[in-house]
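Trainee: In the working numbering, the protein residues as written are 709 to 1104. C-beta: ideal position from N, C-alpha, C; glycine also. Take this structure first; my questions come after.
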């Protein structure tokens, strides 16, 4: 080991140096605490052996500075002293000394203390190396999570589709880097728009992986893998799959795994733009909020198990006739099940009331208003679950 000696007595310093060099240690000597401190700052040492009483800077102050130093690695410190009062020993320990040796020191005792110090220094070095490796692994994991979050974000609509007679707005707040919620608005053809919000159970990577998979499946493509469109029936154009059939197909494909216990809720609907009719299905998802133009608000609850709960579930669609001024609010349970500092549930009643009070705002501003009010009620804009709110307005 590389050892620094701080000893003002030349004879004691020489004896200690020779003894340490005989044991094959590399030794640097200083005649007082100040010189030792300068050596310490300029080099790397595993052990510092210091006399207590020295001019310029005593051993306790030297140890105190070593412990306050930002230099990496642990330094084992031994104070040589003729003092044996409890108060003195406590002062040295409080400064950060690891060991005390009474002068004149016994060579065998010193060697035993050095071996103990060497073990501690090696343990600290191993721990430091493991911490470096752990920090590198955490950094890589963080970078991977951020990359995955960017991929997931790319699946969300950056701009809503332009559909005559309809206006869209949304708010999406994942509770972690990766979300189990996902949503979209998709043009199936010139007269039909699909929209959905789904919520995968759990959080983190497993929930995000399934939500990304579902987002891919719920993208309209004219091939055999599409859930939303299908070819056949003697027509060259792909046919739109009904909301109920989409839910039934998903339920067959994503039965719950008993080992993972993962499932998801879904609200999926199709708006016929010509007729202004919404046909939608719910699989264990919170009810659709229908803000009726010039009238009251109502939550349309549809019974149905989450996807994957029951293998033979048969989902049925509901139909809503829409008129200019109507607003539809699709949302995940993260917003209605959020709690404040007193563990009080926000609840559906408050949620509906907020949207009622924002009925005269623009659609986008109404969502901003609601999210701010919920954050104020919680006391923070961070949520313990993913929050998704997707809004549709029928224009006159």
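What separation, rounded to the nearest whole angstrom, lies between the Cα atoms of residue 795 and residue 1082?
Mentor: Position 87 of the chain shown, counted from the start, is the residue given in the question as residue 795. Position 374 of the chain shown, counted from the start, is the residue given in the question as residue 1082. Those two C-alpha atoms are separated by around 58 Å.
Trainee: Going by CA-CA distance only, name the one from 920, 978, 858 that's closest to residue 901.
Mentor: Taking the first residue of the chain shown as position 1, residue 901 is located at position 193. Ranking 920, 978, 858 by Cα distance to residue 901 puts 978 first.
Trainee: Mind listing, in chain order, the continuous beta strand (DSSP E) runs of no fewer than 3 residues lying wholly within the stretch 904-959?
Mentor: You should have 937-940, 943-948.
Trainee: Along the beta strand (DSSP E) that carries residue 803, what are the first and last residues, could you check?
Mentor: Numbered from its first residue, the chain shown carries residue 803 at position 95. That residue, residue 803, is in no beta strand (DSSP E); its alpha helix (DSSP H) goes 794-803.
Trainee: Could you pull the start and end residues of the alpha helix (DSSP H) that residue 977 belongs to?
Mentor: In the chain shown, counting from the first residue as 1, residue 977 sits at position 269. Counting along the chain, residue 977 falls outside any alpha helix (DSSP H), though it belongs to the beta strand (DSSP E) covering 972-980.
Trainee: Let me know the secondary structure DSSP gives residue 712 once reduced to three states.
Mentor: Along the chain shown, read from residue 1 onward, the residue named residue 712 stands at position 4. Reduced to three states, the DSSP call for residue 712 is strand.
Trainee: Buried or exposed: residue 968, going by 16 or more other Cβ atoms within 10 Å of its Cβ?
Mentor: Taking the chain shown and counting its residues from 1, one reaches residue 968 at position 260. Residue 968 is exposed by the Cβ-count criterion.
Trainee: At what residues does the alpha helix (DSSP H) containing residue 1074 begin and finish?
Mentor: The residue labelled residue 1074 in the question sits at position 366 within the chain shown. It spans 1071-1086 - the alpha helix (DSSP H) in which residue 1074 sits, taken as one unbroken run.
Trainee: For residue 883 and residue 906, what's the separation of their Cα atoms in angstroms?
Mentor: Locating residue 883 in the chain shown gives position 175, counting from the first residue. Locating residue 906 in the chain shown gives position 198, counting from the first residue. C-alpha separation (whole angstroms): 15 Å.
Trainee: Which class does residue 881 belong to by DSSP, given the choice of helix, strand or coil?
Mentor: Numbered from 1 along the chain shown, position 173 holds the residue referred to as residue 881. Strand, per DSSP.
Trainee: Give the range of the alpha helix (DSSP H) segment to which residue 990 is assigned.
Mentor: Working through the chain shown from its first residue, we reach residue 990 at position 282. Per DSSP, residue 990 belongs to no alpha helix (DSSP H); it is in the beta strand (DSSP E), 985-991.
Trainee: Determine the burial state of residue 792: buried for a count of at least 16 other Cβ atoms within 10 Å of its Cβ, exposed for fewer.
Mentor: Walking along the chain shown from the start, residue 792 turns up at place 84. It counts as exposed.
Trainee: Which residue or residues does DSSP assign as beta-bridge partners of residue 784?
Mentor: Within the chain shown, residue 784 is the residue found at index 76, counting from 1. Answer is 755.
Trainee: Could you check if residue 775 is buried or exposed, using at least 16 other CB atoms within 10 Å of its CB as the buried criterion?
Mentor: If you number the chain shown from 1, residue 775 lands on position 67. Counting Cβ neighbours within 10 Å, residue 775 comes out exposed, since fewer than 16 surround it.
Trainee: Between the stretch 873-881 and the stretch 850-858, do three or more beta carbon pairs fall short of 8 Å?
Mentor: Segments in contact, no.
Trainee: Quick one, which of 722, 725, 785 has its alpha-carbon nearest residue 748's?
Mentor: Here the question's residue 748 lines up with position 40 in the chain shown. If we check each option's Cα against that of residue 748, 785 comes out closest.
Trainee: Quick one: is residue 719 buried, meaning 16 or more other Cβ sit within 10 Å of its Cβ, or exposed?
Mentor: Start at 1 with the first residue of the chain shown, and residue 719 comes out as number 11. Exposed, because fewer than 16 other Cβ atoms sit within 10 Å of the Cβ of residue 719.
Trainee: For the stretch 1035-1046 against the stretch 1089-1103, are there 3 or more C-beta pairs whose distance is under 8 Å?
Mentor: Judged by Cβ distances under 8 Å, the stretch 1035-1046 makes contact with the stretch 1089-1103, as three or more pairs qualify.
Trainee: Per the contact definition of three or more C-beta pairs closer than 8 Å, is the stretch 998-1015 in contact with the stretch 947-966?
Mentor: Flag = yes, the stretch 947-966 and the stretch 998-1015 touch.
Trainee: Hey, how far is the Cα of residue 1043 from the Cα of residue 861?
Mentor: The residue given as residue 1043 occupies position 335 in the chain shown. The residue given as residue 861 occupies position 153 in the chain shown. If I take the Cα positions, the gap works out to 20 Å.
Trainee: Any idea what DSSP makes of residue 1103, helix, strand or coil?
Mentor: Translated into positions along the chain shown, residue 1103 becomes position 395. The answer is coil: DSSP assigns residue 1103 none of H, G, I, E or B.
Trainee: Below 8 Å between beta carbons: does that hold for residue 1023 and residue 915?
Mentor: Your numbering for residue 1023 matches position 315 in the chain shown. Your numbering for residue 915 matches position 207 in the chain shown. No. Outside cutoff.
Trainee: First and last residue of the alpha helix (DSSP H) that includes residue 768?
Mentor: Translated into positions along the chain shown, residue 768 becomes position 60. Residues 767-776.
Trainee: DSSP state of residue 898, grouped into three classes?
Mentor: As a first step, residue 898 is located in the chain shown; it is residue number 190 there, counting from the start. Here residue 898 sits in coil by DSSP.
Trainee: Which residue's Cα is closest to the Cα of residue 1107: 896, 890, 912?
Mentor: The first residue shown for the chain is 709 and the last is 1104, placing residue 1107 beyond what the model contains.
Trainee: Is it right to say residue 812 is buried, meaning 16 or more other beta carbons lie within 10 angstroms of its own, or is it exposed?
Mentor: For the purposes of this step, residue 812 is identified with residue 104 of the chain shown, where counting begins at 1. By the 10 Å Cβ count, residue 812 comes out exposed.
Trainee: With a threshold of 16 other CB atoms inside 10 Å of the CB of residue 827, please say whether the residue is buried or exposed.
Mentor: Translated into the one-based positions of the chain shown, residue 827 becomes position 119. It counts as exposed.
Trainee: To the nearest angstrom, how far is it from the Cα of residue 1077 to the Cα of residue 1066?
Mentor: Within the chain shown, residue 1077 is the residue found at index 369, counting from 1. Within the chain shown, residue 1066 is the residue found at index 358, counting from 1. Cα to Cα, the separation comes out at about 7 Å.
Trainee: Could you say which of 894, 970, 803 lies nearest to residue 937 if we only look at CA atoms?
Mentor: In the chain shown, counting from the first residue as 1, residue 937 sits at position 229. Nearest of 894, 970, 803 to residue 937, Cα basis: 894.
Trainee: Pick out whichever of 939, 948, 990 has its Cα sitting closest to the Cα of residue 959.
Mentor: The count along the chain shown starts at 1 and reaches residue 959 at position 251. When only C-alpha atoms are compared, the closest one is 990.
Trainee: Can you tell me which of 731, 987, 788 puts its alpha carbon nearest to the alpha carbon of residue 688?
Mentor: Given a span of 709 to 1104 for the chain in the structure shown, any question on residue 688 remains unanswerable.
Trainee: Quick one: which unbroken alpha helix (DSSP H) runs of 4-plus residues sit fully inside the stretch 839-872? Chain order, please.
Mentor: Those alpha helix (DSSP H) runs which fall completely within the stretch 839-872 and span 4+ residues do not exist here.
Trainee: State the Cα-Cα distance for the pair residue 729 and residue 830, rounded to the nearest angstrom.
Mentor: Position 21 of the chain shown, counting from 1, holds the residue named residue 729. Position 122 of the chain shown, counting from 1, holds the residue named residue 830. Distance between the alpha carbons of residue 729 and residue 830 is about 20 Å.
Trainee: Can you tell me whether DSSP reads residue 1023 as helix, strand or coil?
Mentor: As a working note, residue 1023 is residue 315 in the chain shown. In this structure, residue 1023 counts as coil in the three-state DSSP scheme.
Trainee: DSSP three-state call for residue 964: helix, strand or coil?
Mentor: Indexing the chain shown from 1 puts residue 964 at position 256. Here residue 964 sits in coil by DSSP.
Trainee: Would the stretch 1048-1061 and the stretch 830-843 be scored as touching if the rule is three or more Cβ pairs under 8 Å?
Mentor: Because the criterion of three Cβ pairs below 8 Å is not met, the stretch 1048-1061 and the stretch 830-843 do not touch.
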